[in-house]
Amino acid sequence: MTVIMARPDPTSEAPGAPSTASRGASRDFGLLASSPGAEAERRARREDPAALRALESRVAHDLACLNYPPPEWVPPRAGPDGAPVLDVLVAGGGMCGQTAAYAMRRDGLHRVRTIDARGEGHEGPWATFARMEMLRSPKHLTGPDLGVPSLTFRAWYEARFGLEAWAALHKVWRLDWRDYLLWVRRQVGVAVDGGMRLVAVEPAPGGLVLSLAGPDGGLRHVHARKLVLALGREGSGQPRRPAFASLAADSAAAHGRVFHSMDDVDFASLAGARVGVLGVGASAFDNAGLALEHGAASVTMFARRARLPQVNKSKWTSFTGFFRGYPALPDAERVRFYAHVFDEQVPPPYESVLRCDRHPGFSLRLGEPWLDVAADARGVRVTTPAGEHPFDAVILGTGFDVNLLDRPELGALAGSVLAWGDRLAPDGSAVAEELARFPYLGDGFQLMAKDGSDARVAEALGRIHLFSWGSTLSHGAVAGDIPGLAIGATRLSGAIVRDLFVEDADRHHERLLAHDEQELRPTRWWGGGPGPGPAGSGA
Numbered sequence: 006m007t008v009i010m011a012r013p014d015p016t017s018e019a020p021g022a023p024s025t026a027s028r029g030a031s032r033d034f035g036l037l038a039s040s041p042g043a044e045a046e047r048r049a050r051r052e053d054p055a056a057l058r059a060l061e062s063r064v065a066h067d068l069a070c071l072n073y074p075p076p077e078w079v080p081p082r083a084g085p086d087g088a089p090v091l092d093v094l095v096a097g098g099g100m101c102g103q104t105a106a107y108a109m110r111r112d113g114l115h116r117v118r119t120i121d122a123r124g125e126g127h128e129g130p131w132a133t134f135a136r137m138e139m140l141r142s143p144k145h146l147t148g149p150d151l152g153v154p155s156l157t158f159r160a161w162y163e164a165r166f167g168l169e170a171w172a173a174l175h176k177v178w179r180l181d182w183r184d185y186l187l188w189v190r191r192q193v194g195v196a197v198d199g200g201m202r203l204v205a206v207e208p209a210p211g212g213l214v215l216s217l218a219g220p221d222g223g224l225r226h227v228h229a230r231k232l233v234l235a236l237g238r239e240g241s242g243q244p245r246r247p248a249f250a251s252l253a254a255d256s257a258a259a260h261g262r263v264f265h266s267m268d269d270v271d272f273a274s275l276a277g278a279r280v281g282v283l284g285v286g287a288s289a290f291d292n293a294g295l296a297l298e299h300g301a302a303s304v305t306m307f308a309r310r311a312r313l314p315q316v317n318k319s320k321w322t323s324f325t326g327f328f329r330g331y332p333a334l335p336d337a338e339r340v341r342f343y344a345h346v347f348d349e350q351v352p353p354p355y356e357s358v359l360r361c362d363r364h365p366g367f368s369l370r371l372g373e374p375w376l377d378v379a380a381d382a383r384g385v386r387v388t389t390p391a392g393e394h395p396f397d398a399v400i401l402g403t404g405f406d407v408n409l410l411d412r413p414e415l416g417a418l419a420g421s422v423l424a425w426g427d428r429l430a431p432d433g434s435a436v437a438e439e440l441a442r443f444p445y446l447g448d449g450f451q452l453m454a455k456d457g458s459d460a461r462v463a464e465a466l467g468r469i470h471l472f473s474w475g476s477t478l479s480h481g482a483v484a485g486d487i488p489g490l491a492i493g494a495t496r497l498s499g500a501i502v503r504d505l506f507v508e509d510a511d512r513h514h515e516r517l518l519a520h521d522e523q524e525l526r527p528t529r530w531w532g533g534g535p536g537p538g539p540a541g542s543g544a
């Protein structure tokens, strides 16, 4: 056991239980998740609305020079109800979903609809459960712009706050990234229908039937030829909530005391509280830091490991050669790369560690896993090999599992999805077992069916493209991390465009036969032989 900082006496009187907001509440947890210092620094900047308007004019001109958006080329289809069939439905309007929709719009797909369960500004984690002060990525990275310089974060930031502000910026503030994504979305004409949630997927002839739940709770059924699942870090499985013998999942005593790091936590209610945190990843440190900034009397973090990870191995993979070459590697080679990345684990950003270390009430207990957790009216008791620890609230900073069997949208289809464990036998290690649950995707992020699956099910799975963290073992980190996003989005769009064209080959051939644009009409050679030529030509 290693204790980095001593913590206050855990036997001190405990305040009442902290509170949690109900799921789907309209509170802006993104603002609540900002430290007072960070929010003050953000608000102190001077904005230049005129410069931003000038940039938007430049964006419009740049897009026009690129002939964006190009004409629609996919032949329309009507569903059984006579309504137009969508070419693509994108479920998830966060960073990956909107960039995928932008890439498809750039490739001439116009019947693309993007939905998100949350309202505008709350798509993705940035204003919900992300609690870092700033992104860990360097400020100069590109991705959502898809290569258009005037759409980069740098262009937006310099126009809004000035060149000196950009030069002084260390890393991207989290809520600035949210604002930037919304701005890009508006410039490229990607609309997101908020308050719409995908709840079910069913096979249909030539496509899929998708059930959507609207803000009023009513179901709507739409037909689409393709589905892109861009549901974020949790969209390939569910939050990882370790099982403890004394903690039932539906425990009333745990409500308001035991949280996962993605839950809606009212951090103001943690003032004066003793808080325990399981895990030492980025989200664990960010939740710990935020609790301390809101007045928690103490925050004690626990980790199974005896030493914090020191090197971010995944950062090494962030170059074009890896992003483009990795999917072409044999299966065993791909597993070899990511088994090492997963085994080494990702260290927390040093800014997040310093955020906690500046507080005297912070302590870190390494090499001390949680053996049991029990919650009652008095608080939470955590049992470790070193004994019992009393807390008023605990936060599980344990990340997310990848397992499509946990995704309710796929229903019975999930059981037929080919996984990496179906291709390679795990060696029994924890990392191998985790990687085995990742879906084994095709070259365009499409789900694939296990051998022996029903043909109708297999055809439906091939119409579903997973553009989230669950695609990492198949494609690399190109559907969630900023550095590879542009490559991932264009790869996805290219595959969908290819599939739609091939499927409509006969109709395109009919269009070819019907094509009759007379190129030589202005000349005397139009119509098969020399003629008088155009009027007034003198020929």
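Numbering-wise, this note's numbering puts 123 at position 118 of the sequence shown, and it's gapless, one number per residue.
Even for Gly, the Cβ is constructed at its ideal location relative to N, Cα and C.
Nothing here was measured: the structure is a model prediction, and the numbers come from that model.
Measure the alpha-carbon distance for V462 versus P444 and round it to whole angstroms.
The alpha-carbon atoms of V462 and P444 are separated by roughly 16 angstroms.
Applying the 10 Å Cβ sphere with the 16-neighbour rule, what's the burial state of N408?
Buried: at least 16 other Cβ atoms inside 10 Å.
Whole angstroms is fine: what's the gap from S473's alpha carbon to K455's? For the pair S473 and K455, the Cα-to-Cα distance works out to about 21 angstroms.
- Message: Are the CB atoms of L236 and L94 within a distance shorter than 8 angstroms?
- Response: Taking 8 angstroms as the Cβ cut-off, L94 and L236 do not qualify as a contacting pair.
Leaving aside the five residues before and after L525 along the sequence, list all residues of the same chain whose C-beta is less than 7 angstroms from its C-beta, in chain order.
W531, listed in sequence order.
_With H, G and I counted as helix, E and B as strand and the rest as coil, what does DSSP make of A218?_
Reduced to three states, the DSSP call for A218 is strand.
Item checked: Whether W425 touches L466 by CB criterion (8 angstroms) -> Taking C-beta atoms as the reference points, W425 and L466 fail to come closer than 8 angstroms.
Item to complete: Please look up how many angstroms separate the CB atoms of P208 and E508, rounded, as I've assumed it's under 8 angstroms.
Response: Incorrect: roughly 15 angstroms between the Cβ atoms, too far for contact.
Quiz prompt | Status (buried if at least 16 other CB within 10 Å, exposed otherwise) for V227 | solution = Burial call: buried.
- prompt: Does the distance from the C-beta atom of L505 to that of T104 stay below 8 angstroms?
  reply: In this structure, T104 does not lie closer than 8 angstroms to L505 by Cβ.
Give me whichever residues DSSP pairs with T389 in a beta bridge. Per DSSP, G392.
My assumption, with CB atoms under 8 angstroms, is that R360 sits in contact with G294. Please give the rounded CB distance. So it is a contact: roughly 4 angstroms between Cβ atoms.
- Would you grab the beta carbon distance between A494 and A108 for me? Rounded to a whole angstrom, and I think it's under 8 angstroms. With a Cβ gap of about 4 angstroms, A494 and A108 count as contacting.
Worksheet item: In chain order, what residues of the same chain have a beta carbon less than 8 angstroms from the beta carbon of V351, not counting five sequence neighbours either side?
Response: Cβ within range, chain order: G286, A287, P314, N317, K318 and S319.
Any idea what DSSP makes of A83, helix, strand or coil?
In the structure shown, A83 sits in a strand (DSSP, three-state: E or B).
- Task: Just the C-alpha distance for R159 and R310, rounded to the nearest angstrom, thanks.
- Result: Within the model, the alpha-carbon separation for R159 versus R310 is close to 38 angstroms.
Pairwise C-alpha distance: C70 and R50:
If you take the alpha carbons of R50 and C70, they lie about 33 angstroms apart.
Chain B contact for A311 (CB, 8 angstroms cutoff): The question asks about chain B, but that chain is absent: this structure has only one protein chain.
Check your understanding: Over what stretch of residues does the beta strand (DSSP E) that includes V378 continue unbroken?
Key -> First-last of the beta strand (DSSP E) with V378: D377 to D381.
Can you round the beta-carbon distance between V197 and R110 to whole angstroms, since I take them to be within the 8 angstroms contact cut? About 13 angstroms separates the beta carbons of V197 and R110, which is beyond the 8 angstroms limit, so they are not a contact pair.
Three-state secondary structure (DSSP) of Q315: Note: Q315 maps to coil in three-state DSSP.
*DSSP-derived helix/strand/coil call for F134*: Coil, per DSSP.
If you draw a straight line from the alpha carbon of L429 to that of F327, how long is it in whole angstroms?
When the Cα atoms are used, L429 and F327 turn out to be separated by approximately 22 angstroms.
Pick from T157, A205 and V206: whose alpha carbon is nearest that of D5?
Residue numbering for the chain in the displayed model covers 6 to 544; residue 5 lies beyond these limits and cannot be assessed.
Please report how far the alpha carbon of V177 lies from the alpha carbon of L203, in whole angstroms. Taking the straight line joining both Cα atoms gives about 31 angstroms.
* Asked: Which class does E207 belong to by DSSP, given the choice of helix, strand or coil?
  -> DSSP places E207 within a strand segment (E or B) once states are collapsed to three.
| field | G211 versus G84, L114, R363 and R512, residue with shortest Cα-Cα distance | value | Among G84, L114, R363 and R512, the Cα nearest to that of G211 belongs to G84.
Q. When DSSP labels each residue in this structure, what does T322 get in the three-state scheme?
A. Correct three-state label for T322: coil.
Note to self: If you follow the alpha helix (DSSP H) that I501 is in, where does it begin and where does it stop?
What the structure shows: Unbroken alpha helix (DSSP H) run through I501: L490 to E508.
If you run the structure through DSSP and keep just helix, strand and coil, what is L275?
L275 falls in the helix class under three-state DSSP.
#### Entry: Rounded C-alpha distance that separates A218 from M201
About 6 angstroms.
Fill in: Proximity below 8 angstroms, CB of A398 to CB of L497
Taking 8 angstroms as the Cβ cut-off, A398 and L497 do not qualify as a contacting pair.
Discussion item. Could you give the first and the last residue of the continuous beta strand (DSSP E) run that contains H265?
Written reply: That run of the beta strand (DSSP E) goes V263 to H265.
On the premise that G281 lies in contact with T305, defined as a C-beta separation below 8 angstroms, what is that separation, rounded to the nearest angstrom? About 5 angstroms separates the two Cβ atoms, so the contact holds.
> CB P116 to CB P89, shorter than 8 angstroms?
Replying inline: Sequence check: residue 116 is Arg here, not Pro. Cβ distance < 8 angstroms, so R116 and P89 count as in contact.
For R529 and E522, I'd like the C-alpha separation in whole angstroms. Answer to the nearest angstrom: the Cα atoms are 16 angstroms apart.
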